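Notes to accompany the following structure.
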Ligand code: SF4
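In the working numbering, the protein residues as written are 33 to 298.
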């Protein structure tokens with residue numbers, strides 16, 4: 033009996049020791065796990081401090097920058113191919129998370145047979161899907177193209193509406209789509225913020241912002257109205273061909289003396 037009691041005591045002692053030993057291990061695992069989070073928080077704080085320190089552009093500097101863009105390319109054009117406001121709307125909806133070149137490749141054949149909502153509905157979702165299957169998220173996009181065509185016919189007489197709220201009410205269309213359509217189809221002074229405009233607005237310090245909407249409103253605030261019709265295209269083209277995401281071509285950049293990016297290479 034004494035033997036059994038001694039064995040039980042030893043067992044309980046071993047359990048206690050191992051739980052004491054394992055305690056620091058659990059704590060250090062937690063710390064290790066939270067380290068990347070802490071580092072990310074620190075980096076974000078540092079970036080925010082840096083952003084605050086960037087000197088805002090003066091009105092003269094903004095005017096100078098856009099005068100240079102205008103001189104270099106007086107009539108900038110978007111690169112999404114379209115035949116009318118309807119095909120522009122469809123092309124922009126298809127361009128979400130896809131390149132303009134990739135969308136054009138698919139829409140050339142699609143728009144040749146369907147350049148109105150009526151013709152698109154007659155084609156049907158399955159056939160539309162076949163035409164656009166080289167574009168990312170094509171199943172959902174085909175669904176949206178048919179649904180937005182139906183809504184255009186049911187609520188807008190088959191025409192693309194001219195207000196932001198109405199365009200945004202269409203399946204697959206958001207604020208950026210509305211801004212592109214209002215600007216390119218109806219000549220309104222809107223600023224569509226895609227990935228390029230977002231990067232250029234932040235890097236240059238023209239309109240820093242954490243969201244596309246902040247950048248959009250910031251750009252609208254600083255860009256003089258005489259440049260607003262084309263400003264969206266100048267900034268997209270600048271981001272696409274000069275201020276590249278990786279390896280910006282600062283040495284040939286038209287506005288490299290005005291740009292506030294601390295990491296610019298000139
Ligand atoms: S100087 Fe460089 S970082 Fe600045 S806008 Fe030009 S290309 Fe972009």
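Ideal Cβ positions, reconstructed from N, Cα and C, are used throughout, including at glycine. The structure presented is a predicted model; accordingly, all values stated were derived computationally and were not measured.
In terms of Cα proximity to residue 146, the closest of 89, 114 and 272 is 114. Scanning its chain for C-beta atoms nearer than 6 angstroms, with the 5 sequence neighbours on each side dropped, one finds around residue 221 the residues 260 and 261, in chain order. Remark: the shortest separation between the CB of residue 131 and any heavy atom of the ligand SF4 does not fall under 7 angstroms. Judged by DSSP secondary structure, residue 280 falls outside any alpha helix (DSSP H); it is assigned neither H nor E. Contact annotation: residue 121 and residue 112 have beta-carbon atoms that are not nearer than 8 angstroms. Excluding the 5 residues flanking it on each side, residue 163 has same chain C-beta neighbours closer than 7 angstroms at 138, 141 and 142, in chain order.
Excluding sequence positions up to five before and after residue 287, its CB lies within less than 6 angstroms of the CB of 97, all in the same chain and listed in chain order. For residue 172, the uninterrupted alpha helix (DSSP H) segment begins and ends at 170-188. Near the ligand SF4, meaning a beta-carbon closer than 6 angstroms to one of its heavy atoms, we find 235, 236, 274, 275, 280, 281, 282, 285, 287, 288, 291, 293 and 296.
Around residue 211, the same chain offers 222, 223 and 224 as residues with beta carbons nearer than 7 angstroms, after the five sequence neighbours per side are excluded. Per the coordinates, the alpha-carbon of residue 157 lies some 9 angstroms from the alpha-carbon of residue 179.
If one requires a minimum length of 4 residues, the alpha helix (DSSP H) runs lying completely within the region 79-113 are 91-104, in chain order. In this structure the region 185-200 does not touch the region 225-233; the number of beta carbon pairs closer than 8 angstroms is below three. Annotation: residue 256 is outside any alpha helix (DSSP H) and is labelled neither H nor E by DSSP.
In this structure residue 251 is in contact with residue 238, their Cβ atoms being roughly 7 angstroms apart against a cut-off of 8 angstroms. For residue 227, the enclosing alpha helix (DSSP H) starts and ends at 227-236.
In this structure, the beta-carbon distance from residue 165 to residue 126 does not fall below 8 angstroms. Straight-line spacing of the CA atoms in residue 118 and residue 85 works out to 44 angstroms.
Under the three-state reduction of DSSP, residue 245 is assigned to helix. By the criterion of a C-beta distance shorter than 7 angstroms, residue 87 is surrounded in its chain by 292, once the five residues flanking it on both sides are discounted. Nearest in C-alpha terms to residue 244, of all of 254, 232 and 255, is 232. Scanning 281, 279, 264 and 276 for the CA closest to the CA of residue 105 turns up 264. By the neighbour-count definition (other C-beta atoms within 10 Å, threshold 16), residue 273 is an exposed residue. Distance from the Cα of residue 94 is smallest, within the candidate group 297, 290 and 296, for 290.
With a contact defined as Cβ atoms closer than 8 angstroms, residue 192 and residue 177 miss out at about 13 angstroms.
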